[in-house]
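Here the structure comes first, spelled out in structure tokens, and everything after it is commentary.
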Amino acid sequence: MCQDTEIMSKAIWIHDECLHLALGIEEAFFVDDVEFFLARGWSFKRYVFLLSLVNDLSIEIFEGKTKSVIDSLSKSRKIMTYEAMDPCLIRLQKEVSSELELQKPESWSWGPDYSFSEPKPFMKYYYKIVKPWLSKQS
Amino acid sequence: MDEKLQKLRDKWEAAGGKIEVHFDFEISPTRSEAQQRLENLNLEEYGKTRNHIEGAVSKLSPFLRMGLYTTNSVIKDLRSNDSSKSDDVINSKFVQELFWREYFHSIARKFPNLLWEDVQEIKTGWKSSDYQENLPSEISQASTGTAVIDRIIRDLLRTGWIHNRCRLYLASYVVHFKRVKWQTGARWMLSHLIDGDVASNNFSWQWVTSTFSKKPYIFNLESAQKFLPKDWDLTPESNHTIDCSYSDLNERLFRLKGI
């Protein structure tokens, strides 16, 4: 029984686009995958800034390759995270996708999204999509 | 050196990463810093002064980039700070600026290939193949000889954050004055920014280049003197490459007829 409960429990993978998900959540974890940040071309100071913020938020940190860490954790827990925007993160999420429950970030579901068939200037987007949404909020 | 920083440093170097000689965050990587910045944000002052380097900008971008805040949560927090001024929040320039980020993200999600490819044809009169692939060393080493550009590069390398106008000046200098491919400059700047967001960064570089705008963005010393701090070296002697009129610059930098 106890084992079943453990299998059903969830953990949240906090990546570098969704730190707010960790606020007030004990089951949140971050993967310090140095090679992944290097492969994305990050400078050391960018990496230090992120890790310092993750530390400040008291998020549990696992060191190692993201796929290995998630493979290991997913043996006892269901892993949830937010879909990413950055193509490098998207590729990483696809690499570990069989173990992941992906959710769309809040801003993708609540807010205005780009509905044009080709990129249009910002002001068209703002007045056609954002402004009507904002007026409903006031 | 702080023990935690030394540990990160060792790990980074062991994985083959380079360490910058010196960096010094002006935006502290803490939640309290983010909260303080949001609480201190003055929407009226932001609207009036945001284009100036010393203007009342929020510096919340690293926290937005890393998802500590979302556009929605920032709007909610600002409205709850003063519910009587809810409409002022929604109609503020700051909220409009937040949506630039959402706009760029939306395009990136729908057209991911455009993050690194020209959205439109370049409008400088040059062909894309006329732009060099490599970043000149004087850019990476802040030794261009143009004082304001060197100062901007030094600030970027040291703090990982520069004002949006400085980003535009630097991108313009790299692409138009040094004729470097926007992708090369965008990749370099992205690696250093603590708020480096591939969509906002790359589409802004394309906006400067003119592959995502009607014309190339250029600047001159007069503009720099208006928006940069007075204690920077803004003298013509130290900035002669940008000390000219826009019509002269257009003639010098581009192959356009009828400007």
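Sequence order for the protein chains is A and B. Just so we're aligned, residue 1069 is where the first sequence starts under this note's numbering, counting upward by one. Just so we're aligned, residue 369 is where the second sequence starts under this note's numbering, counting upward by one. Where a beta carbon is used, it is the ideal one built from N, C-alpha and C, also for glycine.
Practice task
Within its chain, find whatever has a CB closer than 7 Å to the CB of residue 596(B); leave out the 5 residues flanking it on each side and keep chain order.
Solution key: 421, 516 and 602
Handout entry: Interface flag, residue 1209(A) vs chain B, CB-CB below 9 Å
Key = Any question about residue 1209(A) goes unanswered here, given that chain A covers just 1069 to 1206.
Exercise for the section: Pull out every residue of the stretch 458 to 479 of chain B whose Cβ sits closer than 7 Å to any Cβ of chain A, in chain order. Expected result: 458, 464, 467, 468, 470, 471, 473, 474, 475, 476, 477, 478 and 479
Problem - residue 428(B), buried or exposed, once every other Cβ within 10 Å from all chains shown has been counted against 16 - result: Answer is buried; the Cβ neighbour count reaches 16.
Problem - Beta-carbon gap between residue 488(B) and residue 396(B) smaller than 9 Å - result: no
Problem - Neighbour list for residue 373(B) in chain A, Cβ cutoff strictly below 7 Å - result: 1116
Exercise for the section: For the beta strand (DSSP E) holding residue 1081(A), just list the boundary residues, first then last. Expected result: Here the beta strand (DSSP E) through residue 1081(A) covers 1078 to 1081.
Exercise for the section: Would you list the residues sitting across from residue 1146(A) in a DSSP beta bridge? Expected result: 1078(A)
Exercise for the section: Give a yes or no on whether 9 Å exceeds the smallest Cβ distance from residue 1147(A) to chain B. Expected result: no
Problem - Member of 375(B), 532(B) and 430(B) whose CA lies at the smallest distance from the CA of residue 417(B) - result: 532(B)
Practice task
Output, in chain order, the set of chain A residues within a Cβ distance shorter than 7 Å of residue 380(B).
Solution key: Think of a sphere of 7 Å around the beta carbon of residue 380(B): the chain A residues whose beta carbon falls inside it are 1102, 1112 and 1115, in chain order.
Exercise for the section: Kindly list the residues whose CB is nearer than 8 Å to the CB of residue 1092(A), restricted to its own chain and excluding five residues on each side of it in sequence; keep chain order. Expected result: none
Practice task
Determine, using beta carbons only, whether residue 1109(A) comes closer than 9 Å to chain B.
Solution key: yes
Practice task
Check residue 1129(A) in the structure and name its three-state DSSP category.
Solution key: strand
Practice task
Compare the Cα-Cα distances from residue 556(B) to each of 476(B), 505(B) and 575(B) and report the closest residue.
Solution key: 505(B)
Practice task
Tell me, please, whether the CB atom of residue 433(B) is closer than 9 Å to any CB atom in chain A?
Solution key: yes
Problem - Contact check, residue 1118(A) vs residue 1138(A), beta carbons under 9 Å - result: no
Problem - Rounded separation between residue 1201(A) and residue 459(B) - CA only - result: 12 Å
Problem - Interface flag, residue 486(B) vs chain A, CB-CB below 9 Å - result: no
Exercise for the section: Out of 523(B), 594(B) and 481(B), state which residue places its alpha-carbon closest to the alpha-carbon of residue 561(B). Expected result: The shortest C-alpha separation from residue 561(B) is found at 523(B).
Exercise for the section: Spell out whether any CB of chain A is found under 9 Å from the CB atom of residue 427(B). Expected result: no
Practice task
Would you kindly work out how many angstroms separate the C-alpha atoms of residue 378(B) and residue 1123(A), rounded to a whole number?
Solution key: 18 Å
Exercise for the section: Measure from the C-beta of residue 565(B) to each C-beta in chain A and report whether the shortest distance is under 9 Å. Expected result: Yes, its Cβ sits closer than 9 Å to a Cβ of chain A.
Exercise for the section: Look at the Cβ atom of residue 447(B), then the Cβ atom of residue 499(B), and state whether they are nearer than 9 Å. Expected result: No Cβ-Cβ contact shorter than 9 Å links residue 447(B) with residue 499(B).
Practice task
Would you check if there are 3 or more beta carbon pairs closer than 8 Å linking the stretch 577 to 592 of chain B to the stretch 490 to 497 of chain B?
Solution key: yes
Problem - Cross-chain neighbours of residue 1120(A) in chain B, by beta carbon under 7 Å - result: 397
Handout entry: Inter-residue Cα distance where the pair is residue 1154(A) and residue 439(B)
Key = 17 Å
Handout entry: Inter-residue spacing [alpha-carbon to alpha-carbon] between residue 620(B) and residue 609(B)
Key = 11 Å
Handout entry: Neighbour list for residue 1200(A) in chain B, Cβ cutoff strictly below 8 Å
Key = Going along chain B, no residue has its Cβ under 8 Å from residue 1200(A), so there is no contact; the nearest lies around 12 Å.
Exercise for the section: Reducing DSSP to helix, strand and coil, say where residue 439(B) ends up. Expected result: For residue 439(B), the secondary structure class from DSSP, reduced to helix, strand or coil, is helix.
Handout entry: Classification of residue 1069(A) by the beta-carbon crowding that lies within 10 angstroms, buried from 16 upward
Key = Its pLDDT being 43, under 50, residue 1069(A) is placed unreliably in this model, and the value from its coordinates should be taken loosely. Looking at its Cβ environment, which holds fewer than 16 other Cβ atoms inside 10 Å, residue 1069(A) is exposed.
Problem - Pair within 9 Å by beta-carbon distance, residue 475(B) and residue 466(B) - result: With contacts defined by Cβ atoms closer than 9 Å, residue 475(B) and residue 466(B) do not form a contacting pair.
Practice task
Name, please, each residue of chain A whose Cβ falls closer than 7 Å to the Cβ of residue 430(B).
Solution key: 1117
Handout entry: Partners in chain A for residue 437(B), counting only beta-carbon separations shorter than 7 Å
Key = 1088
Problem - C-beta neighbour in chain B for residue 1130(A), strict 9 Å - result: no
Problem - For residue 500(B), the residue or residues it bridges with in DSSP - result: DSSP links residue 500(B) through a beta bridge to 548(B).
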